[in-house]
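Q:
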Amino acid sequence: MSNKNINRLFEALTPKNEQKEKMFHNILVRSQNESKRHRGFTPVKRLRFAVLSAVLMVCLTTTAFAAAYMGLDKTFLNFLNPVDNEQAQYLSNGAYVVDKQVANENGTLTIKQVIGDSNLTYVLMDFTAPEGTVLHADRYRFGDTTISSKLGGYSIGYHVLDDGNPKDNKISLVMNIQTKKSLAGQTLHFTFKDLQAADPGPRGLFNETVIPGSWETAFKLDFKEYSNLYQIDQNITMFGYQAELKTISISPISISLKIESSTLSEIFEAADSLRKTGENESLDNFPITINYKDGTSETTRIFTGSTSADYLTNQMLTIKKFKNVINDKEIASIVFFDKEFPIHN
Amino acid sequence: MESNSLLRTDKELAELYQRHADLVYRLCYIYLKNPVDAEDAVQSVFVKLIKSQLVFNDHEHEKAWLTVTTRNYCKDVLKNWWKTRRVALDSLPEVSSWNGNESSGKVLARLLSLPEKYKTVLYLYYFEEYSVKEISEMLGHKESTIQTQLSRGRKLLKIDLGGNYLE
């Protein structure tokens, strides 16, 4: 091997300018946080943060300044509802700003920010209809959303956020994409077709297209992947059938479990179709109990994520989303089908 | 150069990062083998630098301090995290061009899988162009030890690569 070839190998490890800007931003945030925490440590001057960022911009001479990592949109932050400031900062550090618009005569779709983990990706977007249109339904979605990729299966849902003005022509939506693998770093091509609203009332069904049209765009999902993967590889019994819990993946926004079993069809039959408990709600037939280090616990009673099975490979994946982000650093163990798995984080 | 990092001017701090961020990131990547952990480690090393009261003689002294601090920090991280972290081959960056028979990603993965002492010495010698004497001072080993590690590292690389990329 020549020196030149060894050099080329190491050269490949050089960070991109965008990465360097992001790291520098985080260094400043961390040094600020630590200076607040430790007495006797001289506080960083108030303006230092802004000045340093500006200086670094000049140093790096790049046009793609990573404002991407400068914080979460307030609406997004309210939706995620972090447990404390530290977690808000943590989530903020991993968010990626897309800031991309696609428009036609029926409206403008603005893709704003993305965060995600190993199996769940949240995309914050605004939809603005032509002037004079009022978008005030409780629930909206695009009737058809396709992702051109080799994801090998995905699940998509939408959640309407409170943008402070329910009677204007603009709505804020969070799209959740649940996948087998993390989408971090990928550039995906999306097609959003026909904005639909749900009928009013708790039984509301999405059967009305309120804004027809198609919005196509491609954007990068360059968020920081939050998950920690725990290798379990232990036998469990699900509805009387043998299975093996392979991994548990934990982040502030979701917990995913990968299971293998040669009797998956029997397990799913036993779990039955999801039982309705109320309007737009189902029971989680593969619930987990999260035991926290402070002695509290919670069980996923309502189905909030997705569960998929591949009968050819005998693998199933169940993803649990949460109404609020979870304090993943405080988890002591996860209980799944009466077996407790300690989490050493 | 001012002696206390807290008293460094804003411009100096940003320039210091600009001077050494690549070196620290590459070293972190060599140890931790994935970009996410490498980014976290870079941040921790520079926060250590910001908090340090060290007087640097010149840029080379900064570089040497960061090299040793990065090495020690990454070794600590590996002690604590190796049980829960897994590395996927597809997370490795592509080398821009390669004339060998194997894919560049594979070659890089093999290089990164070499024992820590060999790949660090190879990196410092071939990429950062430190002399054996300088590396021995920086890492606190005898020159003969560094020579041996360089020689064994080169040998391992050749063996690992099946002789495809020999000079």
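So the sequence lines, in the order shown, correspond to chains S and X.
Using the numbering used here, read the first sequence as starting at -8 and increasing by one per residue.
Using the numbering used here, read the second sequence as starting at 69 and increasing by one per residue.
Think of the CB as a built atom: it goes at the ideal place given N, C-alpha and C, for glycine as much as any other residue.
Computed from a predicted model, the values in this text were never measured in an experiment.
With 8 Å as the threshold, decide whether the Cβ of Tyr32 of chain X is near any Cβ in chain S.
A: Since the first residue of chain X shown is 69 and the last is 235, residue 32 of chain X is not available in this structure.
Q: Which stretch, first to last residue, makes up the alpha helix (DSSP H) that contains Asn69 of chain S?
A: First-last of the alpha helix (DSSP H) with Asn69 of chain S: 65 to 71.
Q: To which residues does DSSP link Tyr145 of chain S through a beta bridge?
A: Looking at the DSSP assignment, Tyr145 of chain S forms a beta bridge with S:Thr170.
Q: Would Lys312 of chain S pass as a contact of Asn167 of chain S if the rule is Cβ separation under 8 Å?
A: Going by C-beta atoms, Lys312 of chain S is nearer than 8 Å to Asn167 of chain S.
Q: Apply the 10 Å Cβ neighbour rule to Lys103 of chain S and answer buried if 16 or more other Cβ atoms are within range, or exposed otherwise.
A: Buried, by the Cβ-count rule.
Q: Just tell me which of S:Asp64, S:Asn97, S:Asp117 has its CA closest to the CA of Gly123 of chain S.
A: Ranking the options by Cα distance to Gly123 of chain S, first place goes to S:Asn97.
Q: What do you get for Glu12 of chain S, buried or exposed, if any count of 16 or more other CB atoms within 10 angstroms of its CB means buried?
A: By the 10 Å Cβ count, Glu12 of chain S comes out buried.
Q: Going residue by residue through the segment 272 to 324 of chain S, where are the continuous beta strand (DSSP E) segments of at least 3 residues, counting only ones entirely within it?
A: Listed in chain order, they are 279 to 283, 288 to 290, 297 to 301, 306 to 312.
Q: Given a cut-off of 8 Å, decide if Ala128 of chain S and Asn160 of chain S are closer than it, judged by their beta-carbon atoms.
A: Not closer than 8 Å, so no.
Q: For Ile223 of chain S, decide whether its Cβ has a neighbour in chain X, counting only Cβ atoms nearer than 8 Å.
A: It does not: the Cβ of Ile223 of chain S has no partner Cβ on chain X nearer than 8 Å.
Q: What does the alpha-carbon distance come out to for the pair His180 of chain S and Phe118 of chain S?
A: The straight-line gap from Cα to Cα measures roughly 18 Å.
Q: Cβ closer than 8 Å: which chain S residues qualify as neighbours of Tyr97 of chain X?
A: Here the neighbours are Leu4.
Q: Give a yes or no on whether the minimum CB-CB distance between Ile325 of chain S and chain X is below 8 Å.
A: Not an interface residue.
Q: Under a Cβ-count criterion, where at least 16 other Cβ atoms within 10 Å of its own Cβ denotes burial, should His88 of chain X be classed as buried or exposed?
A: By the neighbour-count rule (16 or more Cβ atoms within 10 Å), His88 of chain X is buried.
Q: Please report the straight-line C-alpha distance between Thr200 of chain S and Lys101 of chain X, rounded to a whole angstrom.
A: So the alpha carbons of these two residues sit roughly 49 Å apart.
Q: Could you name the residues of the same chain whose beta carbon sits closer than 8 Å to that of Gly134 of chain S, not counting the 5 residues immediately before and after it, in chain order?
A: Only Lys184, Asp185, Leu186, Gln187, Phe197, Thr200 meet the Cβ criterion.
Q: From the DSSP output, in three-state form, read off Gly176 of chain S for me.
A: The answer is coil: DSSP assigns Gly176 of chain S none of H, G, I, E or B.
Q: Can you name the residues of chain S whose CB is closer than 9 Å to the CB of Arg139 of chain X?
A: Result: empty, since nearest Cβ-Cβ is about 15 Å, beyond 9 Å.
Q: Excluding the five sequence neighbours on either side, which residues of its own chain have a C-beta within less than 6 Å of the C-beta of Tyr198 of chain X, listed in chain order?
A: Here the set comprises Leu192.
Q: Would Leu303 of chain S be called buried (16 or more neighbouring beta carbons within 10 Å of its own) or exposed?
A: Per the 10 Å Cβ criterion, exposed.
Q: Under 8 Å between C-beta atoms, does Gln177 of chain S make it to chain X?
A: For Gln177 of chain S, the answer is no, since every Cβ of chain X falls outside 8 Å of its Cβ.
Q: Who are the neighbours of Asp90 of chain X on chain S, taking C-beta pairs under 7 Å?
A: Result: Thr5, Pro6.
Q: So is Ser22 of chain S in contact with chain X if we call contact Cβ pairs under 8 Å?
A: With 8 Å as the cut-off, Ser22 of chain S counts as an interface residue toward chain X.
Q: Got a sec? Which residues, its chain only, sit under 6 Å from Asn337 of chain S by beta carbon, not counting five neighbours each side?
A: Since the first and last residues shown for chain S are -8 and 336, residue 337 of chain S lies out of range.
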